[in-house]
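Number of protein chains: 2
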Amino acid sequence: MKFLEKMKFDEKGLIPAIIQDADTNEVLMLAYMNEDSFLETMETGLTHFWSRSRKKLWKKGESSGHTQKVHEILFDCDIDTLLIKVHQTGAACHKGYRSCFYRKIVDKKGKVRTKGKKVFDPEKVYKKK
Amino acid sequence: MKFLEKMKFDEKGLIPAIIQDADTNEVLMLAYMNEDSFLETMETGLTHFWSRSRKKLWKKGESSGHTQKVHEILFDCDIDTLLIKVHQTGAACHKGYRSCFYRKIVDKKGKVRTKGKKVFDPEKVYKKK
Numbered sequence: 010m011k012f013l014e015k016m017k018f019d020e021k022g023l024i025p026a027i028i029q030d031a032d033t034n035e036v037l038m039l040a041y042m043n044e045d046s047f048l049e050t051m052e053t054g055l056t057h058f059w060s061r062s063r064k065k066l067w068k069k070g071e072s073s074g075h076t077q078k079v080h081e082i083l084f085d086c087d088i089d090t091l092l093i094k095v096h097q098t099g100a101a102c103h104k105g106y107r108s109c110f111y112r113k114i115v116d117k118k119g120k121v122r123t124k125g126k127k128v129f130d131p132e133k134v135y136k137k138k
Numbered sequence: 010m011k012f013l014e015k016m017k018f019d020e021k022g023l024i025p026a027i028i029q030d031a032d033t034n035e036v037l038m039l040a041y042m043n044e045d046s047f048l049e050t051m052e053t054g055l056t057h058f059w060s061r062s063r064k065k066l067w068k069k070g071e072s073s074g075h076t077q078k079v080h081e082i083l084f085d086c087d088i089d090t091l092l093i094k095v096h097q098t099g100a101a102c103h104k105g106y107r108s109c110f111y112r113k114i115v116d117k118k119g120k121v122r123t124k125g126k127k128v129f130d131p132e133k134v135y136k137k138k
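Now the structure itself:
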């Protein structure tokens, strides 16, 4: 695939992908793709990432069922970042919020506040099998 | 600043910051901050980054005048990514587009198409002094 040759993966072979809700334009998460997960995303139309902590290919929603159907894939001027607009089933964040960005900094001292609302209970969704 | 201690900078001392238009919710760019540029952003209310290519602190808009006034700073569940909502003067992309994400992939073969419209001429804005 020609486009793949133009993409600038970092020294670990990864490229960051910003995931944005195609309907609301809410930014849901940032995750990383290697070549395989990018191609798997292109092929299946569902987002796949490289888990840096688990060191494995990871289909978003494989445990929770909260998959992301690809609507559009954009890329930046340097071709070193992807912006993927998706239709999100359930919620993006494993903590139970629709977006991973559910907290904000509220003053110069770095005080924080939770902004988002929980939409599922992680203990129920990720229950031990 | 307490919050700084909780932030997960990578092995290069950087954290990615997604920049989103506070009015339109358009994603404008992704850039990287080190501790200094994060603190400078907090202090001045204007985005500052670490330029990985030029290896220096960089005030967004220092050459072009296209500064970004901070509206809100959110952070993700792992505290390893920032989402900064801004009021953008002019355009975010040095190529002349409002957003750096002005191109998209249109088919499985990786064919691309320009989506955004140019809002300024880079040759005029970044003219040699």
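Protein sequence lines correspond, in order, to chains F and V.
Its first residue numbered 10, the first sequence is counted upward by one per residue in the working numbering.
Its first residue numbered 10, the second sequence is counted upward by one per residue in the working numbering.
Idealized CB from N, CA, C, for every residue including glycine.
These numbers come from a predicted model, not from an experiment.
Query, Result
"Stretch pair the region 58-72 of chain V + the region 56-72 of chain F: three plus CB contacts closer than 8 angstroms", "no"
"Three or more C-beta pairs below 8 angstroms linking the region 104-115 of chain V and the region 43-57 of chain V", "no"
"Chain-ordered neighbours of K124/F on chain V, where CB pairs are closer than 8 angstroms", "L83"
"Coarse secondary structure for F18/F, derived from DSSP in three states", "coil"
"Length of the line joining the Cα atoms of A31/V and E35/F", "11 angstroms"
"Residues near M78/V in its chain [Cβ-Cβ closer than 7 angstroms; skip 5 each side]", "The sequence given here has Lys at residue 78/V, not Met. Excluding sequence neighbours, K78/V sits near G54, L55, V95, H96."
"Chain-ordered chain F contacts of F18/V [CB-CB under 7 angstroms]", "Ordered by position in chain F, no residue passes the 7 angstroms Cβ test against F18/V, which lies about 14 angstroms from the chain."
"Own chain partners of A26/F with C-beta closer than 6 angstroms, once the 5 adjacent residues on each side are dropped", "A40, M42, L91, I93"
"Best match in D85/F, K127/F, H80/F, T76/F for proximity to M16/F [C-alpha to C-alpha]", "D85/F"
"Beta bridge counterpart(s) of I87/V as assigned by DSSP", "The sequence shown places Asp at residue 87/V, rather than the Ile named in the question. According to DSSP, which records beta bridges pairwise, D87/V is partnered with nothing at all."
"Bounding residues of the alpha helix (DSSP H) (the contiguous stretch that carries K133/V)", "131-134"
"Those runs of the beta strand (DSSP E) which lie wholly inside the region 45-121 of chain V and span at least 3 residues", "57-60, 65-68, 77-84, 91-97, 112-114"
"With 16 other Cβ atoms within 10 Å as the buried cut-off, status of L13/F", "exposed"
"Minimum Cβ-Cβ distance from N43/V to chain F less than 8 angstroms", "no"
"Limits of the beta strand (DSSP E) - the one that A40/V falls within", "36-42"
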